[in-house]
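Novice: Residue numbers (my numbering): 573 to 765. Even glycine gets a Cβ: it sits at the ideal position worked out from N, Cα and C.
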């Protein structure tokens, strides 16, 4: 029997993303965010949920756009800093030494050094309590060429994304591949009645 641990924000895996925005003066800002995920296939959409107290929240509301930057494991220290510092008080790009790039399709910056970027136009804003969910239509995905496979799509083992463990507040890398999706389960189809 399982043990109840109460109503908590625990789900595995939880992403470690960096949300890129511009403030009212056009200064690029980034923040770490773990509450997010893909929420629609057509149109392709992703959501991030941010507290109203964050600097990025107001930036997204005023600009109607954001980027989801997926950092590689080697940037875990910088990403953690992006979750500790506020864009109201610090220029996180300058402090981290990372490079802001103006998106060509949405009014938000992305991080040049990160291997994968989703450029999003706000489609819906949903108030949920402490957090606001920003549902963004993915207008373009940009990937570092070194992370692409022969079919032109990103390879997760080359991107090396950071996983967040909310229950113990730790970061992890990826484990090993367990099998090919929509394939390894076919062996069980022969067991159907």
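1) Rounded to whole angstroms, what is the Cα-Cα separation between residue 618 and residue 707?
2) In its own chain, which residues sit with a C-beta less than 7 Å from the C-beta of residue 596, not counting the 5 before and 5 after it?
3) In this structure, does DSSP put residue 713 in helix, strand or coil?
4) Look at the Cβ atom of residue 602, then the Cβ atom of residue 620, and state whether they are nearer than 8 Å.
5) Any heavy atom of the ligand FAD closer than 7 Å to the beta-carbon of residue 718?
6) Rounded to whole angstroms, what is the Cα-Cα separation between residue 668 and residue 574?
7) Between which two residues does the beta strand (DSSP E) containing residue 641 stretch?
8) Give a yes or no on contact between the stretch 686 to 697 and the stretch 713 to 724, applying the rule of three or more CB pairs nearer than 8 Å.
9) Candidates 744, 760 and 749: which alpha carbon is nearest residue 586's?
10) Specify the secondary structure class of residue 759 as computed by DSSP and reduced to three states.
11) Measuring straight from C-alpha to C-alpha, what distance separates residue 705 and residue 762?
12) Helix, strand or coil: how does DSSP classify residue 608 here?
13) Check whether the Cβ atoms of residue 604 and residue 651 lie closer than 8 Å to each other.
14) For a quick check, are the C-beta atoms of residue 631 and residue 594 less than 8 Å apart?
15) What is the rounded straight-line gap between the Cα of residue 758 and the Cα of residue 731?
Specialist: By the coordinates alone:
1) On the chain shown, position 46 is the one that residue 618 refers to. On the chain shown, position 135 is the one that residue 707 refers to. Cα to Cα, the separation comes out at about 6 Å.
2) In the chain shown, residue 596 corresponds to position 24, counting from 1. For residue 596, where only same-chain residues beyond five positions count, the Cβ hits under 7 Å are 634.
3) On the chain shown, residue 713 is found 141 positions in, with the first residue counted as 1. Residue 713: strand per DSSP, three-state reduction.
4) Reading the chain shown from its first residue, position 30 is the one you call residue 602. Reading the chain shown from its first residue, position 48 is the one you call residue 620. Between residue 602 and residue 620, the gap from beta carbon to beta carbon reaches 8 Å or more.
5) Because no ligand of any kind appears in the structure shown, any question about the ligand FAD cannot be addressed here.
6) As a first step, residue 668 must be located in the chain shown, where it is residue number 96. As a first step, residue 574 must be located in the chain shown, where it is residue number 2. Rounded to the nearest angstrom, the two C-alpha atoms are 43 Å apart.
7) Taking the chain shown and counting its residues from 1, the one referred to as residue 641 is at position 69. Residue 641 -> beta strand (DSSP E) spans 637 to 642.
8) Segments in contact, yes.
9) Walking along the chain shown from the start, residue 586 turns up at place 14. Of the listed residues, the one whose Cα sits closest to residue 586 is 744.
10) Position 187 of the chain shown, counting from 1, holds the residue named residue 759. Residue 759: helix per DSSP, three-state reduction.
11) Translated into positions along the chain shown, residue 705 becomes position 133. Translated into positions along the chain shown, residue 762 becomes position 190. Going by the C-alpha atoms only, they are around 42 Å apart.
12) Residue mapping note: residue 608 aligns to position 36 of the chain shown, counting from 1. Residue state for residue 608 is assigned as strand, using DSSP reduced to three classes.
13) Along the chain shown, read from residue 1 onward, the residue named residue 604 stands at position 32. Along the chain shown, read from residue 1 onward, the residue named residue 651 stands at position 79. For residue 604 and residue 651, yes; Cβs fall inside 8 Å.
14) Sequence index remark: in the chain shown, residue 631 carries index 59 (1-based). Sequence index remark: in the chain shown, residue 594 carries index 22 (1-based). Yes; because the gap between Cβ atoms is below 8 Å, this pair is in contact.
15) Locating residue 758 in the chain shown gives position 186, counting from the first residue. Locating residue 731 in the chain shown gives position 159, counting from the first residue. Each residue's Cα considered, the two are about 28 Å apart.
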